[in-house]
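See structure below.
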């Protein structure tokens, strides 16, 4: 079926007839986006997703292949999937699939093959690309929703790079109501996503204006009670004293409690310089600065959130100060008399914050006097959101909407709970939705009568996103609450200024779009020329230090009895491959590296996955961070991690290396970062002792790199030497020579369904022999520590299923 424009000239394929309202500007933007990699800028609530849908439908019809739509949150992914299934009449529902972390990796690989449209969170797609589970070669349209996130190390950037490199017929569409705070930021987003065209529609465009309505914005100043002011001033006095201490160290001239974050960063840089020169003033100053940061957070809680939020925060700080290994900054802060007096006053204060009462009054006016239906209340703090729900629920039907992660003292919402809450809000089952930032971006929250900011946000992007929840179908209202003479006011004026600048930027962007497109096109050509040139250069990096690695005798590995690191019977083990030896992928010449999925916080795996001739695979490794062959495993430590072992009493590094030595013939400890001897105030002899222990007691080779890029170079070089020159395979179990009988038994059991060495020892301790483990039923297997129903089922499946060599 197809959708036809009013003039009868444009026939659009694949769409459910009569579903979409005809809006000329959407078809105009879609036609432009079909021609080249395009940034689509359109105000919130005016159907950016429809534009992407139109482009996807056209590409699937004209080119074929697969479409990928990326969105930053799970609720947004679910929402897009529902819309696409309803709108794409020619694509069966089971070929429009959702990828989130809740879908097991092996299932995602199967779904990817059969899907025509994949809607996913970027982190999952990034993991699957690094793990070599999916290929972008057949993706003919890739949409980056809320593309303003394409900055820094966000997953959009890596996926875009891979997409342009791997896809045979790529087409990128970026979508955002607020692509950046200024022209430079917008250009950066375009460069990161490989975008060459910019299409902008604002509410000034006639086609758009007829679908928008006026939104009034009011801000109300709230006066703080005397007790709240007294609590805040007491904390500020301590901040002033700590800043005076930093001034005496010569790293700042500022002593005002409202010192800017930029100045805080500058102070931190100066203190690091002092520490690098092994000057005690650096360590003293860093402790004072840590205290300043915590106290500033406390001030923000008491003056902009509530006294209750302040109480909870200070209680967490008190517990942290009592814990083992607590910092001097924590201990000094909670024992400071002025801080203790402020906490005492907070305990005796029996009110919340005057914002609470004003919030209740504004909602009552909207729902009662003005006969409104719905209100959204945004707040930055999970603590405040929950307190507001309790406070308002006595007067209105109120529910919260927060993220999925658990925080201290607060449980997150599952994706199902989030979706159910939004569905009931749309259906009018309750009046007020109290949300943290999770509802800001793109969610199909129903038209509301009032958007209430419990506090202003400091960025134009977030402010615009929030305001877009109203004024879609009828006139809307936005009210921002500001506590007088607090950071609220600074944030408000900054966001207001930035919003005006962004509006001007978007309008000017329409006039200079051709100029930007020309520059982006030139940059793309230059990048392509550089890539072609770099292909002709051999990679010599990482060779240093390899002579020491290669020169050691292969059997010079000491036996150790160090405790093994903990292994869990959890869902993360599903990331492991179906067998111990990873099958060779990508051709006979491919070098393979197995990467522990917990290493994805670093850029190393992403870097390696983009290199020609290298295949990366993600696993949940029981031993090591990188497996380079059946005998080489690498435990990576940053200089800071290494120094924590020496100064914080953390022995996990030696336990991990002991584990590696038990399972692999050639364990490697890779220390990453500069200035190993200047990072902390640690005597060089202590560092020498730790290095000697790794080499002599554990038989590990110790290698050094300066940064993540050099680490990637070194890992690639070692893997190539092992697999190309040494003709060795990659094994997540290792190939340690001369295993004891107990080690061999543990090895055999550990290989069953990838249960890992810790669980293997637990099973052997429970049943006494390998044979008894193999013949035990599921209920008996679960008697062993660390074995749940899922693991027991997998063990029985492996040990009890008939062998099929052709499967």
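Residue numbers (our numbering): 12 to 818.
Glycine included, every Cβ here is placed at the ideal spot set by N, Cα and C.
1. First and last residue of the beta strand (DSSP E) that includes residue 800?
2. Applying the criterion that 16 or more other CB atoms from any shown protein chain within 10 Å of the CB defines a buried residue, is residue 788 buried or exposed?
3. Count the other C-beta atoms from every protein chain shown that fall within 10 angstroms of the C-beta of residue 156, then say buried if there are 16 or more, exposed otherwise.
4. According to the neighbour-count rule (16 or more other Cβ atoms, all chains shown, within 10 Å of its Cβ), is residue 411 buried or exposed?
5. Can you look up residue 494 in the DSSP assignment and give me helix, strand or coil?
6. Can you find the residues in the same chain that come closer than 7 angstroms, C-beta to C-beta, to residue 97, ignoring five residues on each side of it along the sequence?
7. On the CB-based measure, 16 or more other CB atoms within 10 Å of its CB, does residue 203 come out buried or exposed?
8. Does the distance from the C-beta atom of residue 83 to that of residue 133 stay below 8 angstroms?
9. Would you check if there are 3 or more beta carbon pairs closer than 8 angstroms linking the stretch 635-643 to the stretch 674-686?
10. State the Cα-Cα distance for the pair residue 466 and residue 649, rounded to the nearest angstrom.
11. Can you find the residues in the same chain that come closer than 6 angstroms, C-beta to C-beta, to residue 123, ignoring five residues on each side of it along the sequence?
12. Is it buried or exposed, residue 276, if we count other Cβ atoms within 10 angstroms and call 16 or more buried?
13. Return the CA-CA distance between residue 218 and residue 56, expressed in angstroms with no decimal places.
14. Let me know if residue 752 comes out buried or exposed under the rule of 16 or more other beta-carbons within 10 Å of its beta-carbon.
15. Starting from residue 785 and walking both ways along the alpha helix (DSSP H), at which residues does that stretch end?
16. For the alpha helix (DSSP H) containing residue 370, name the first residue and the last one.
17. When the distance is taken between beta carbons, is residue 731 closer than 8 angstroms to residue 683?
18. State the Cα-Cα distance for the pair residue 247 and residue 351, rounded to the nearest angstrom.
19. According to DSSP, is residue 664 helix, strand or coil?
20. Near residue 429, which residues of its chain fall below 6 angstroms by C-beta distance, leaving aside the five closest residues on each side in sequence?
21. By how many angstroms is the C-alpha of residue 768 removed from the C-alpha of residue 808?
22. With a cut-off of 8 angstroms on the beta carbons, I'd call residue 158 and residue 187 a contact; round off their distance for me.
23. Less than 7 angstroms separating the Cβ of residue 798 from some heavy atom of the ligand MN?
24. Roughly how many angstroms separate the alpha carbons of residue 587 and residue 332, rounded to a whole number?
25. Going by DSSP, what residues sit across from residue 410 in a beta bridge?
26. Beta-carbon within less than 8 angstroms of residue 717's beta-carbon, same chain only, minus the 5 sequence neighbours each way: which residues are those?
27. Inspect the beta-carbon positions of residue 150 and residue 243 and report whether they are closer than 8 angstroms.
28. To the nearest angstrom, report how far apart residue 803 and residue 792 are at their CA atoms.
29. For the alpha helix (DSSP H) that contains residue 45, what are its first and last residues?
30. Please return the same chain residues whose Cβ sits closer than 7 angstroms to the Cβ of residue 735, not counting the five positions on each side in sequence.
31. Cα separation between residue 548 and residue 622?
32. Determine which residues share a DSSP beta bridge with residue 52 and list them.
33. With DSSP run on the structure shown, which of helix, strand or coil describes residue 113?
34. Under a Cβ-count criterion, where at least 16 other Cβ atoms within 10 Å of its own Cβ denotes burial, should residue 380 be classed as buried or exposed?
35. Look at the alpha carbon of residue 729 and the alpha carbon of residue 438, and state the distance between them as a whole number of angstroms.
36. Which residue's Cα is closest to the Cα of residue 760: 810, 78, 723?
Working from what's here:
1. Your numbering for residue 800 matches position 789 in the chain shown. First-last for residue 800: 800-811, but that is the alpha helix (DSSP H), not the beta strand (DSSP E).
2. Here residue 788 corresponds to residue number 777 of the chain shown, with the count starting at 1. Residue 788 should be labelled exposed.
3. Residue mapping note: residue 156 aligns to position 145 of the chain shown, counting from 1. The residue is buried, with at least 16 neighbouring Cβ atoms inside 10 Å.
4. Within the chain shown, residue 411 is the residue found at index 400, counting from 1. Buried, by the Cβ-count rule.
5. Residue numbering aside, residue 494 sits at position 483 when the chain shown is read from its first letter. Correct three-state label for residue 494: strand.
6. Within the chain shown, residue 97 is the residue found at index 86, counting from 1. 27, 30.
7. Walking along the chain shown from the start, residue 203 turns up at place 192. Answer is buried; the Cβ neighbour count reaches 16.
8. In the chain shown, the residue the question calls residue 83 occupies position 72. In the chain shown, the residue the question calls residue 133 occupies position 122. Yes. Within cutoff.
9. yes
10. Here residue 466 refers to the residue found at position 455 of the chain shown. Here residue 649 refers to the residue found at position 638 of the chain shown. Cα to Cα, the separation comes out at about 39 angstroms.
11. Taking the first residue of the chain shown as position 1, residue 123 is located at position 112. Cβ within range, chain order: 145.
12. Here residue 276 refers to the residue found at position 265 when the chain shown is read from its first residue. Flag for residue 276 reads exposed.
13. Taking the first residue of the chain shown as 1, we reach residue 218 at position 207. Taking the first residue of the chain shown as 1, we reach residue 56 at position 45. Computed Cα separation, rounded: 14 angstroms.
14. Taking the first residue of the chain shown as 1, we reach residue 752 at position 741. Flag for residue 752 reads exposed.
15. Position 774 of the chain shown, counted from the start, is the residue given in the question as residue 785. Residues 781-786.
16. In the chain shown, counting from the first residue as 1, residue 370 sits at position 359. Where residue 370 is concerned, the enclosing alpha helix (DSSP H) stretches over 365-375.
17. Taking the chain shown and counting its residues from 1, the one referred to as residue 683 is at position 672. Taking the chain shown and counting its residues from 1, the one referred to as residue 731 is at position 720. It is not a contact, given that the beta carbons lie outside the stated cut-off.
18. Counting from one through the chain shown, the residue named residue 247 turns up at place 236. Counting from one through the chain shown, the residue named residue 351 turns up at place 340. Each residue's alpha carbon lies about 13 angstroms from the other.
19. Within the chain shown, residue 664 is the residue found at index 653, counting from 1. If DSSP states are grouped into helix, strand and coil, residue 664 belongs with the helices.
20. Start at 1 with the first residue of the chain shown, and residue 429 comes out as number 418. Within the same chain, residue 429 has close Cβ partners 86.
21. In the chain shown, the residue the question calls residue 808 occupies position 797. In the chain shown, the residue the question calls residue 768 occupies position 757. Going by the C-alpha atoms only, they are around 19 angstroms apart.
22. Position 147 of the chain shown, counting from 1, holds the residue named residue 158. Position 176 of the chain shown, counting from 1, holds the residue named residue 187. Indeed they touch by this definition, with Cβ atoms about 5 angstroms apart.
23. In the structure shown, the ligand MN is absent, as is every other ligand, since no ligand is present at all.
24. Indexing the chain shown from 1 puts residue 587 at position 576. Indexing the chain shown from 1 puts residue 332 at position 321. A caution first: residue 587 carries a pLDDT of 34, below 50, which makes its placement in the model too unreliable to give a value.
25. Translated into positions along the chain shown, residue 410 becomes position 399. Residue 410 pairs with 444.
26. Sequence index remark: in the chain shown, residue 717 carries index 706 (1-based). Here the set comprises 683, 684, 685.
27. The count along the chain shown starts at 1 and reaches residue 150 at position 139. The count along the chain shown starts at 1 and reaches residue 243 at position 232. Not in contact: residue 150 and residue 243 (Cβ atoms no closer than 8 angstroms).
28. Within the chain shown, numbered from 1, the residue matching residue 803 stands at position 792. Within the chain shown, numbered from 1, the residue matching residue 792 stands at position 781. If you take the alpha carbons of residue 803 and residue 792, they lie about 6 angstroms apart.
29. Mapped onto the chain shown, residue 45 falls at position 34. That run of the alpha helix (DSSP H) goes 35-46.
30. For the purposes of this step, residue 735 is taken as residue 724 along the chain shown, with counting starting at 1. Within the same chain, residue 735 has close Cβ partners 602.
31. To locate residue 548, count along the chain shown from 1; it is residue 537. To locate residue 622, count along the chain shown from 1; it is residue 611. Confidence is the limiting factor: at residue 548 the pLDDT is only 41, short of 50, which leaves the residue's position unreliable, though a coordinate-based value still follows. Rounded to whole angstroms, residue 548 to residue 622 spans 13 angstroms at the Cα level.
32. Numbered from 1 along the chain shown, position 41 holds the residue referred to as residue 52. According to DSSP, residue 52 bridges with 187, 211.
33. One-based indexing of the chain shown puts residue 113 at position 102. Correct three-state label for residue 113: coil.
34. The residue given as residue 380 occupies position 369 in the chain shown. Result: exposed.
35. Here residue 729 corresponds to residue number 718 of the chain shown, with the count starting at 1. Here residue 438 corresponds to residue number 427 of the chain shown, with the count starting at 1. Computed Cα separation, rounded: 59 angstroms.
36. Reading the chain shown from its first residue, position 749 is the one you call residue 760. The residue with the shortest Cα to Cα distance from residue 760 is 810.
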